[in-house]
Amino acid sequence: MSERMPQAHAAAEPWLVALDVDGTIMHEDETIDERVAEAVTSAVARGHEVTLATGRSWATTGPVLERLGLAPEYVVCANGAITMQRDDASSDGYTQAHVETFDPTAVLERIRTHLPSGRFMVEVPDGFRFYTEGMSDWNLDNARQVTFEELLDRRATRVVVISPDHELEEFLQLVDDMGLHQVSYAIGWTAWLDIAPDGVSKATALERVRGWLDLPLHRVIAVGDGRNDIEMFTWAGAAGRSVAMGQAPDEVRAAADEVTADIHHAGLASVLDSLP
């Protein structure tokens, strides 16, 4: 679907609905089940504020909104480091409402001592990315390959580290041994690490969005499947609802109050359909 949804009638008690993208809305091959797309459309039509809260950059999040026909007031990207606000005067319909940055130099140098063969990518506030050799599995539009040293001493919203030489369990132990401090980080399905500014997560950004929208905490719901969703589940589950996808790792499902079916069985659709 490429058409944007018509303006919904305000529900008597609208919910803020925060959806992860990969593994929640979208399959690995970037397809979206029709049942999920229809459930999103229906939730918006009932007046709920359905938005995305993703680790993706804005450049790769915007197209997901277009495919779903979504145009929420705010969108959370880069694991909470960037919040976009709808702006019809902007060329792509959104402008940055809030940006969190950090100097990645110390953490990059520390990680490299543990992962000399690691592959690195730094995303800066305007969405451009700088990456080292070997990041071929990532979307590298709006990006440039550089040396490791060229990653340092620049303000970043996000750092991604990949270690193709490690299995996931081995990588988890290695990350634990690194003793990372002053940054927030999440570990992906495979051996990759997603690093955000200290104290920044999907949860911190969504709480800011909730305040801007003036919606009560007991009417928030968050749905996701990754380790970078755990803080979001704690935030939403404090008074509202937190839902893990069925295929999520054990610790992710344990952090949520509810578990739905996996993405292959359109688990998100039944969650959205359960909203008033």
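FYI, in this note's numbering the residues of the sequence shown are 848 to 1123.
Built from N, CA and C at the ideal position, the CB exists for glycine as well.
- A1095 is positioned such that its CB atom lies no closer than 7 angstroms to that of A1083.
- Taking 4 residues as the minimum length, the alpha helix (DSSP H) runs contained wholly in the stretch 890-964 are 905-915, 952-961, in order along the chain.
- Taken atom to atom, the span from the alpha-carbon of E1105 to that of L863 is near 17 angstroms.
- For W985, no alpha helix (DSSP H) encloses it, and the DSSP letter there is neither H nor E.
- Contact between G1071 and M1079 holds, since their C-beta atoms are separated by about 6 angstroms, short of 8 angstroms.
- For the options A1103, Y941, E1017, the alpha carbon positioned closest to that of V1090 is the one of A1103.
- By the neighbour-count definition (other C-beta atoms within 10 Å, threshold 16), H1111 is an exposed residue.
- Per DSSP, the unbroken alpha helix (DSSP H) holding A1116 starts and ends at 1114-1120.
- CA-to-CA, the gap between Y978 and M968 works out to about 4 angstroms.
- Here DSSP, grouped into helix, strand and coil, assigns W862 to coil.
- Going by beta carbons, Y921 and T930 fall inside the 7 angstroms limit.
- Boundaries of the alpha helix (DSSP H) harbouring L1060: 1049-1060, taken from the DSSP string.
- Ranked by Cα distance from F949, the first of L1015, R882, D1000 is D1000.
- In the three-state reduction of the DSSP assignment, L1015 falls in the helix class, which pools H, G and I.
- Following the DSSP letters along the chain, one finds I1068 inside the beta strand (DSSP E) bounded by residues 1067-1071.
- When DSSP states are grouped into helix, strand and coil, Q1020 belongs to the helix group.
- About 20 angstroms separates the CB atoms of P919 and E947; that is not less than 8 angstroms, and the two are not in contact.
- Taking the Cβ atoms as the reference, I1042 lies roughly 6 angstroms from V954, within the contact range of under 8 angstroms.
- Bounds of the beta strand (DSSP E) holding A1043 are 1039-1044.
- With a cutoff of 7 angstroms on beta-carbon distance, G981 and W905 are scored as not near each other.
- Judged by DSSP in its simplified three-state form, D1000 adopts coil rather than helix or strand.
- Per the coordinates, the alpha-carbon of V911 lies some 13 angstroms from the alpha-carbon of D939.
- The beta carbon of C924 lies closer than 7 angstroms to those of T901, R903, S904, W905, T908, M931 in the same chain, with the five residues before and after it left out.
- Assignment of beta-bridge partners to S1089 by DSSP yields A1069.
- A direct Cα-Cα distance of roughly 26 angstroms separates I1077 from R1002.
- Under the 10 Å beta carbon count, A936 is surrounded by fewer than 16 other beta carbons and is classified as exposed.
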